[in-house]
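Whatever position you read off the sequence shown (first residue = 1), add 260 for the numbering used here.
Glycine included, C-beta positions come from ideal geometry on N, C-alpha and C.
Remarks on the structure that follows.
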Amino acid sequence: MIKGGANNRDVKKINRIRTMRSIFACERISQPELAAKVGNSWPTVLQNVKELMEMGLVQEVGTFESTGGRKAKAFAPVRNARYAVGLEITQNHIGAVLVDLSGELVRFERKKRPFERCDAYAAGLAELVKSLLEKEGCPTETVLGVGISLPGILDRDEKTLVYSHALGLRGVPVEEFSRCIPFPCRFINDANAAGLAEIRGRENLHSLVYLSLSNSVGGSIFTGGSLYVGEHLRAGEFGHMTLVPDGRPCYCGKRGCVDAYCSAKVLSALTGGNLALFFDGLRAGDRTLQAAWDEYLAHLAVAVNNLRMIFDCDVIVGGYVGGFLSEFGAPLRELLARHNTFEPDSSYLKFSRYQLESSALGAALVHIESFIQSL
261 MIKGGANNRD
271 VKKINRIRTM
281 RSIFACERIS
291 QPELAAKVGN
301 SWPTVLQNVK
311 ELMEMGLVQE
321 VGTFESTGGR
331 KAKAFAPVRN
341 ARYAVGLEIT
351 QNHIGAVLVD
361 LSGELVRFER
371 KKRPFERCDA
381 YAAGLAELVK
391 SLLEKEGCPT
401 ETVLGVGISL
411 PGILDRDEKT
421 LVYSHALGLR
431 GVPVEEFSRC
441 IPFPCRFIND
451 ANAAGLAEIR
461 GRENLHSLVY
471 LSLSNSVGGS
481 IFTGGSLYVG
491 EHLRAGEFGH
501 MTLVPDGRPC
511 YCGKRGCVDA
521 YCSAKVLSAL
531 TGGNLALFFD
541 GLRAGDRTLQ
551 AAWDEYLAHL
561 AVAVNNLRMI
571 FDCDVIVGGY
581 VGGFLSEFGA
591 PLRELLARHN
601 TFEPDSSYLK
611 FSRYQLESSA
621 LGAALVHIES
631 FIQSL
């Protein structure tokens with residue numbers, strides 16, 4: 261009896277979450293359409309809708325025009341019922357986002373602030389969170405928490421930053437980042453966070469590889485819709501796959517890593533450390549920069565093709581460089597079609613939907629998803 265009761269509760273919870281997701285996926289939805297979408301009888305869906313309305317997450321918004329019978333009631337999401345904040349810590353900047361309950365970006369800010377391991381830096385993070393909420397007039401009671409994206413490897417309990425080359429840290433308690441923030445905080449690797457942002461809302465992507473091309477190269481792996489972190493929490497360290505044996509030195513101490521050929525610094529180093537200026541130069545027809553871009557894409561194509569051959573799923577390329585690929589990535593598709601062993605196709609390559617905000621967004625989504633799963 262206890263086992264059956266537990267199973268029944270699980271089914272009810274799953275149906276309630278499916279009902280909420282279906283409502284939040286549109287601006288408004290009718291009773292019959294909602295029942296069909298969720299795949300339950302209307303009395304079951306109605307009970308879930310009533311519970312969601314009592315929680316303040318769903319609202320009734322009139323009726324639809326009659327098609328011959330009674331007018332169908334219309335239901336809509338209350339997107340501002342809850343919010344989450346996301347922070348991305350980098351070597352020289354802090355990115356901050358405010359996200360509503362549907363996972364949509366409400367506000368994004370990015371400030372130049374070199375990382376320092378000090379009280380002033382921690383206090384500055386809390387002040388940034390406070391400022392973000394005040395600008396949107398968000399009541400503190402609607403804030404689920406703050407997700408913090410860090411450029412490094414975290415332990416399984418999210419309590420220790422095991423290693424971060426970018427921040428120059430080893431074995432540091434993550435509480436050093438959150439100690440001044442008056443909300444529940446969760447921590448996540450930056451590339452994993454960006455992958456979460458990219459996979460959100462994409463149809464039929466049960467498996468996915470995300471490749472981040474920022475000042476270092478990283479990535480994340482999703483299988484069965486879930487993040488795969490590996491036995492030692494280092495899955496997705498694509499930057500340290502060997503691309504050219506005994507090639508260029510990498511910051512890790514080895515030679516020939518993908519990072520040495522495909523990080524954003526490879527390009528920005530040619531324009532005084534400013535990546536946007538590099539692509540401005542491409543637009544202006546600078547031949548030296550074009551040659552550098554061609555060489556960069558040749559190496560990137562090998563790395564992306566290897567990921568495709570290993571995982572046999574879509575590959576999303578993001579990070580700082582990924583943000584420019586929708587404009588400059590056509591040659592990469594051509595190279596990938598040539599590299600493809602099985603057919604001359606590169607449609608599996610997807611370009612990032614974000615340029616700078618993906619890691620902070622993904623960190624905030626951790627709180628949104630946790631809340632939904634708690635319903």
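Local Cβ density within 10 Å of residue i, reported as buried at 16 or more and exposed below that
i: D270; result: exposed
i: F498; result: buried
i: F602; result: exposed
i: E587; result: exposed
i: M280; result: buried
i: A285; result: exposed
i: P442; result: exposed
i: T323; result: exposed
i: R547; result: exposed
i: E314; result: exposed
Under the three-state DSSP convention, the category residue i falls into
i: H466; result: coil
i: S618; result: helix
i: Y511; result: coil
i: F582; result: Correcting the residue identity first, residue 582 is Gly in this sequence and not Phe. Looking at G582 - three-state DSSP - the assignment turns out to be helix.
i: N449; result: strand
i: G455; result: helix
i: H492; result: coil
i: G299; result: coil
i: H425; result: coil
i: Y343; result: strand
i: V526; result: helix
i: R377; result: coil
i: E369; result: strand
Cβ separation of residue i and residue j, assumed to be a contact under 8 Å, to the nearest whole Å
i: G384; j: R373; result: 7 Å
i: G490; j: D506; result: About 26 Å; that fails the 8 Å criterion.
i: A344; j: A620; result: About 11 Å separates the two Cβ atoms, so there is no contact after all.
i: G363; j: I570; result: Wrong, their Cβ atoms sit about 29 Å apart, outside the cutoff.
i: L535; j: L527; result: 6 Å
Separation of residue j from residue i, as counted between CA atoms
i: L388; j: G355; result: 10 Å
i: E394; j: L456; result: 26 Å
i: I413; j: V422; result: 5 Å
i: Q633; j: G583; result: 31 Å
i: R278; j: L549; result: 50 Å
i: V298; j: Q307; result: 13 Å
i: G316; j: F447; result: 28 Å
i: D360; j: G485; result: 22 Å
i: G532; j: K390; result: 34 Å
i: E376; j: P433; result: 15 Å
i: C573; j: R462; result: 14 Å
i: K333; j: K273; result: 23 Å
i: F538; j: Y556; result: 13 Å
i: H425; j: G513; result: 12 Å
i: S523; j: R416; result: 27 Å
Validate contact between the segment 436-456 and the segment 558-570 using beta carbons, cut 8 Å, 3 pairs: no
Can we say the segment 467-480 touches the segment 493-513, given the rule of at least three CB pairs closer than 8 Å? Result yes; three or more Cβ-Cβ pairs closer than 8 Å.
Using 8 Å as the threshold, is the segment 607-626 in touch with the segment 445-460, meaning 3 or more CB pairs across them? yes
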